[in-house]
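Residue numbers (my numbering): 127 to 183.
Written out as structure tokens, the structure reads:
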């Protein structure tokens with residue numbers, strides 16, 4: 127669903143994530159590009175990621 131793989135923009139990824147109650151991976155990468163790939167893309171997982179990695183900045 128990554129927008130670099132087609133010409134439909136972010137819509138397909140966002141729709142997929144909303145159906146799964148998840149956050150798109152680009153949100154995680156916006157916070158920290160140098161972190162290992164996240165495994166929990168749920169809203170709660172994103173909140174934990176934000177708490178953990180924004181404290182370091």
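Ideal Cβ placement from N, Cα and C applies to all residues, glycine included. This structure is a prediction, so every number in the text was calculated from the model and none was measured.
Item: Measuring only the C-alpha atoms, how far is residue 167 from residue 135?; Value: 20 Å
Item: I need the straight-line Cα distance from residue 133 to residue 159, nearest angstrom please.; Value: 24 Å
Item: Could you check which residue in 147, 175, 149 has the C-alpha nearest to that of residue 157?; Value: 175
Item: Check for me: the alpha helix (DSSP H) holding residue 180 runs from which residue to which?; Value: 169 to 180
Item: DSSP puts residue 148 in a beta bridge; with which residues?; Value: 168
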